[in-house]
Amino acid sequence: MPFRNAAARRLVGLVPWLCLLTLALAGCSPEQYPQTALLPLSDFARIGDDIQDQTIYWAVGVFVLVEGALLYAIFRFRGRPDDPEPSQVHGNTTVEIIWTVIPALILAAIAVPTVKGIFQSNTSPGPDALRIEVVGHQWWWEFRYPEAGVVTANELVIPAGRTVELIQHSADVVHSFWPPRFAGKRDVFPGRETRLWFKADSTGLYPGQCAEFCGIQHARMAFHIRARSPEEFDAWLARMQTLGAPAPGPGTAAPAADSLRTASAGATLRQQGGAPADSAAAPADPLFAKGEQLFKTKGCIGCHSLQAKGAPTGLIGPNLANVGARGYIAAGWLKNTDENLEKWIQNPQALKKGVLMPNLGVTAEEAQALRAYLRAHN
Ligand code: CUA
């Protein structure tokens, strides 16, 4: 009797902890944290999610049956103080065969959709897919659209409803590209190509993450996928092609899409073709002009291109042609607010220690000007 009372007391003592655990698990709601594979938004992501669901159904079934039988046996056949010695048995071939065969069948039932899913997710999506090259860098992502000749960074823009095929490699160490709402992880290697495809169901901005430890800022090597409607995507790509496109012939009027708007002053700046084209513009915003000058004199231009099309290859910094329009900076780590952008320009090492971008001795006023200049690149 004293044993049972102690056990009961221990069980009652667990109640507050169980309540706390319930609360903590309730905090795991995927609605609040969109970087989840549990809310699939593409055909590829659903393959993985379906396999996971099937595995969980089997696991729950096994758990309920085994724990149910265990609890039943504990209470139904529990020992009492005056019970005689139970009969001693050793081995039961029938039972052993049953508990070997049943799990083997369950594993086979899980293996069938798993193997099918592995083959499905490694097929080639066919010629209609939009091909995009993904290059992993310590610690940011480069995205190239070879057919359009456009390059961008850290925000992968894709058309919803059309399959995209990502052709991936790394510029330095092994990374892993993981857009959980859209697809599983795919490692990216230096000198070796890996591929990943998916078709996004809907538009929106969704986070992704490097999923292979790649150095001290691995955790801040994130990215976003911006899925747009096909029309918006085409317009975006066409616009990107004008950011740094070769100069139109003499006397050719610049297309309307060549204008840039500064966020700070609302000034419309005509951008002409050719390498960092803003020099030919007559900016209305004095901060813009100062920022443009600083971009060259502070050395930014040595690592970053402002051309989306025809950008020089081999630059070590992310392409900034449309940085003003991106949702985040510093590879998905900071929201792209004016305040964060200025902080980043002034002191990147304080925000993301170890990045290749050094502190360039930029003052607060200079950071404002650079921010205005970069914000206009949208
Ligand atoms: Cu790149 Cu972790």
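At position 293 of the sequence shown (counting the first as 1) the number is 293 in the numbering used here, and the numbers step up by one without a gap. Built from N, CA and C at the ideal position, the CB exists for glycine as well.
Status (buried if at least 16 other CB within 10 Å, exposed otherwise) for residue i
i, result
"residue 364", "exposed"
"residue 285", "buried"
"residue 342", "buried"
"residue 170", "buried"
"residue 144", "buried"
"residue 328", "buried"
"residue 72", "exposed"
"residue 100", "exposed"
"residue 292", "buried"
"residue 17", "exposed"
"residue 366", "buried"
"residue 377", "buried"
"residue 118", "exposed"
"residue 23", "exposed"
"residue 11", "exposed"
"residue 300", "buried"
"residue 86", "exposed"
"residue 56", "exposed"
Cβ-Cβ separation, residue j to residue i (assumed contact under 8 Å), whole Å
i, j, result
"residue 326", "residue 154", "7 Å"
"residue 332", "residue 222", "3 Å"
"residue 369", "residue 290", "4 Å"
"residue 174", "residue 147", "That belief does not hold up - the Cβ atoms of residue 174 and residue 147 are roughly 28 Å apart, past 8 Å."
"residue 303", "residue 317", "3 Å"
"residue 379", "residue 196", "Because the chain in this structure spans residues 1 to 378, residue 379 falls outside the shown range and cannot be described."
"residue 156", "residue 225", "5 Å"
"residue 352", "residue 330", "6 Å"
"residue 193", "residue 209", "In fact, because the Cβ distance is near 21 Å, the residues do not count as touching under 8 Å."
"residue 110", "residue 58", "6 Å"
"residue 372", "residue 288", "5 Å"
"residue 62", "residue 106", "7 Å"
Residue i Cβ short of 8 Å to the ligand CUA heavy atom set
i, result
"residue 138", "yes"
"residue 175", "yes"
"residue 232", "no"
"residue 171", "no"
"residue 212", "yes"
"residue 224", "no"
"residue 354", "no"
"residue 221", "yes"
"residue 184", "no"
"residue 399", "Lying outside 1 to 378, the shown extent of the chain, residue 399 is not represented and no answer is given."
"residue 90", "no"
"residue 304", "no"
"residue 377", "no"
Inter-residue spacing [alpha-carbon to alpha-carbon] between residue i and residue j
i, j, result
"residue 95", "residue 102", "11 Å"
"residue 281", "residue 150", "In this predicted model, residue 281 has a pLDDT of only 49, less than 50, meaning its place in the structure is not dependable; the value taken from the coordinates is given anyway. Near 22 Å, if we compare the C-alpha coordinates of residue 150 and residue 281."
"residue 264", "residue 207", "In this prediction, residue 264 scores a pLDDT of 35, lower than 50, which makes its location untrustworthy; no coordinate-derived value is stated."
"residue 321", "residue 152", "7 Å"
"residue 249", "residue 237", "Annotation note: pLDDT 40 at residue 249 (below 50); position unreliable, no value reported."
"residue 354", "residue 176", "19 Å"
"residue 379", "residue 134", "Any answer about residue 379 is impossible in this case: the structure gives the chain only from 1 up to 378."
"residue 345", "residue 335", "14 Å"
"residue 360", "residue 25", "45 Å"
"residue 54", "residue 130", "31 Å"
"residue 128", "residue 112", "29 Å"
"residue 349", "residue 358", "7 Å"
"residue 70", "residue 51", "28 Å"
"residue 13", "residue 64", "24 Å"
"residue 159", "residue 15", "50 Å"
"residue 356", "residue 172", "13 Å"
"residue 180", "residue 5", "49 Å"
"residue 126", "residue 198", "12 Å"
"residue 60", "residue 21", "19 Å"
"residue 362", "residue 162", "43 Å"
"residue 36", "residue 48", "12 Å"
"residue 235", "residue 229", "10 Å"
"residue 190", "residue 19", "48 Å"
"residue 93", "residue 121", "42 Å"
- Query: Just checking, does the segment 213-230 make contact with the segment 132-141 on the three C-beta pairs under 8 Å criterion?
  - Reply: These segments touch.
- Item | Validate contact between the segment 298-314 and the segment 229-243 using beta carbons, cut 8 Å, 3 pairs | Three or more beta-carbon pairs separated by less than 8 Å link the segment 298-314 to the segment 229-243, which places the two stretches in contact.
- Tell me, please, whether the segment 32-41 touches the segment 74-83 by the rule of three or more beta-carbon pairs shorter than 8 Å. No, because fewer than three Cβ pairs between the segment 32-41 and the segment 74-83 fall closer than 8 Å, the two stretches do not touch.
- Does the count of Cβ pairs from the segment 40-47 and the segment 180-196 closer than 8 Å reach three? Taking one beta carbon from each stretch, the segment 40-47 and the segment 180-196 have 3 or more pairs nearer than 8 Å; the two touch.
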